[in-house]
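Peer 1: If you scroll down you'll find the structure; I have some questions about it.
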Amino acid sequence: TQLLEQSPQFLSIQEGENLTVYCNSSSVFSSLQWYRQEPGEGPVLLVTVVTGGEVKKLKRLTFQFGDARKDSSLHITAAQPGDTGLYLCAGNQGAQKLVFGQGTRLTINP
Amino acid sequence: DAGITQSPRHKVTETGTPVTLRCHQTENHRYMYWYRQDPGHGLRLIHYSYGVKDTDKGEVSDGYSVSRSKTEDFLLTLESATSSQTSVYFCAISPGQGQWTQYFGPGTRLLVL
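Read top to bottom, the protein sequences are chains A and B.
For reference, each letter of the first sequence is one residue, going 167 to 276 in this note's numbering.
For reference, each letter of the second sequence is one residue, going 105 to 217 in this note's numbering.
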């Protein structure tokens, strides 16, 4: 069983549309991170959220950490082809290890 | 970009042969990790290191061993490769001390025939 469940696993939309990716768990995390991975490369950190209810914005990307620190969401406004990639959430339970979700593969069609 | 290299970048091997993957960092970070990435599973931790000669198992450690004799190098060994170990392997590093961001290498694509 996956400790962190991401949904949807695949998403293909048209340029200009909005979308939301979810990362859910029954466990509490001290922090949660979102990474983006492009083909043939390793994941790259986008953001870290630490406080329950925290919202962070990175240009057209909005990240939210749930009040109970068990879930998170990534919302993209006016998606562009450059947003295409694999998005991974990862939770830190206070140790030096991260647990990753299975990823959401996003395709933005021109 | 964090200075992390992995070698080799691609490898094809036969079932039953030993394989060693190398991760090298120039950041002097304390923590180093080995993950495998397979479709539908995201990244799964194999082993990690919290210092020279200090290592511990992750969630999918069976069939793998690691060694860290220097801060900058973390080796992953498949003692006797199996087809189920065909995967993309990523090394990551982290400074620790409350900074848990992990910086990933470019990956090694391994095919076991």
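Every residue gets a Cβ at the ideal spot worked out from N, C-alpha and C, and that includes glycine.
Should Asp158/B be labelled buried (16 or more other beta-carbon atoms within 10 Å of its own) or exposed?
Peer 2: Exposed, since its Cβ has fewer than 16 Cβ neighbours within 10 Å.
Peer 1: Are there 16 or more other CB atoms within 10 angstroms of the CB of His151/B, so buried, or fewer, so exposed?
Peer 2: By the 10 Å Cβ count, His151/B comes out buried.
Peer 1: Are there 16 or more other CB atoms within 10 angstroms of the CB of Ser178/A, so buried, or fewer, so exposed?
Peer 2: It is exposed - the Cβ of Ser178/A has fewer than 16 other Cβ atoms within 10 Å.
Peer 1: Give me the residue from Thr130/B, Ile108/B and Leu125/B with the minimum Cα distance to Val116/B.
Peer 2: Nearest C-alpha to Val116/B: Leu125/B.
Peer 1: Less than 8 Å separating the beta-carbons of Phe208/B and Pro276/A?
Peer 2: In this structure, Pro276/A does not lie closer than 8 Å to Phe208/B by Cβ.
Peer 1: For the 8 Å Cβ check, are there 3 or more pairs between the region 253-270 of chain A and the region 217-228 of chain A?
Peer 2: Verdict: no, contact absent.
Peer 1: Which two residues bound the contiguous beta strand (DSSP E) that contains Asp166/B?
Peer 2: Here Asp166/B belongs to no beta strand (DSSP E), and DSSP marks it neither H nor E.
Peer 1: Taking beta-carbon pairs under 9 Å, can you tell me which members of the region 264-275 of chain A lie near chain B?
Peer 2: Going along the region 264-275 of chain A in chain order, one finds Leu264, Val265, Phe266, Gly267, Gln268 and Gly269 with a Cβ nearer than 9 Å to chain B.
Peer 1: Among Ser173/A, Asn190/A, Lys236/A and Leu212/A, which residue has its Cα nearest to the Cα of Ser196/A?
Peer 2: Nearest of Ser173/A, Asn190/A, Lys236/A and Leu212/A to Ser196/A, Cα basis: Lys236/A.
Peer 1: Closer than 8 Å is the cut-off here; do at least three beta carbon pairs connect the region 169-179 of chain B with the region 178-195 of chain A?
Peer 2: No contact exists between the region 169-179 of chain B and the region 178-195 of chain A.
Peer 1: Going by DSSP, what residue range makes up the beta strand (DSSP E) through Asn184/A?
Peer 2: Asn184/A -> no beta strand (DSSP E), and no H or E assigned at all.
Peer 1: Do the CB positions of Ser191/B and Pro122/B come within less than 8 Å of each other?
Peer 2: No. Outside cutoff.
Peer 1: Rounded to whole angstroms, what's the CA-CA distance from Glu118/B to Lys225/A? Just pull it up for me.
Peer 2: Approximately 47 Å between the Cα atoms of the pair.
Peer 1: Within the same chain, show all residues whose beta-carbon is closer than 7 Å to that of Gln246/A, passing over the 5 residues directly before and after it, in chain order.
Peer 2: The residues are Glu181 and Ile274.
Peer 1: Taking the alpha-carbon of Val216/B as reference, which of Pro210/B, Pro199/B, Trp204/B and Tyr193/B has the nearest alpha-carbon?
Peer 2: Checked all of Pro210/B, Pro199/B, Trp204/B and Tyr193/B; the closest Cα to Val216/B is Tyr193/B.
Peer 1: Starting from Gly146/B, find everything on chain A with Cβ-Cβ shorter than 7 Å and list it in chain order.
Peer 2: Near Gly146/B (Cβ distances below 7 Å), the residues of chain A are Leu254, Phe266, Gly267, Gln268 and Gly269.
Peer 1: First and last residue of the beta strand (DSSP E) that includes Glu176/B?
Peer 2: Element bounds for Glu176/B: n/a, residue is neither H nor E.
Peer 1: Provide the residue(s) that pair with Lys222/A in DSSP beta bridges, ordered along the chain.
Peer 2: Answer by DSSP bridge pairing, in chain order: Phe229/A.
Peer 1: Is the distance from the Cβ of Tyr201/A to the Cβ of Ala256/A below 8 Å?
Peer 2: Their beta carbons are under 8 Å apart, which means Tyr201/A touches Ala256/A by this criterion.
Peer 1: What distance in whole Å lies between the Cβ atoms of Glu171/A and Gly248/A, which are believed to be in contact at a cut-off of 8 Å?
Peer 2: In fact, because the Cβ distance is near 27 Å, the residues do not count as touching under 8 Å.
Peer 1: Can you give me, in chain order, the residues of the region 197-223 of chain A that have a beta carbon less than 9 Å from any beta carbon in chain B?
Peer 2: Answer set for the region 197-223 of chain A: Ser197, Gln199, Tyr201, Gln203, Gly206, Glu207, Gly208, Pro209, Val210, Leu211 and Thr214.
Peer 1: Would you list the one or two residues that DSSP bridges to Leu252/A?
Peer 2: According to DSSP, which records beta bridges pairwise, Leu252/A is partnered with Gln203/A and Arg271/A.
Peer 1: Here's a check: name, in chain order, each residue in its chain whose Cβ is nearer than 6 Å to the Cβ of His114/B, leaving out the five neighbours to either side.
Peer 2: Within the same chain, His114/B has close Cβ partners Arg213.
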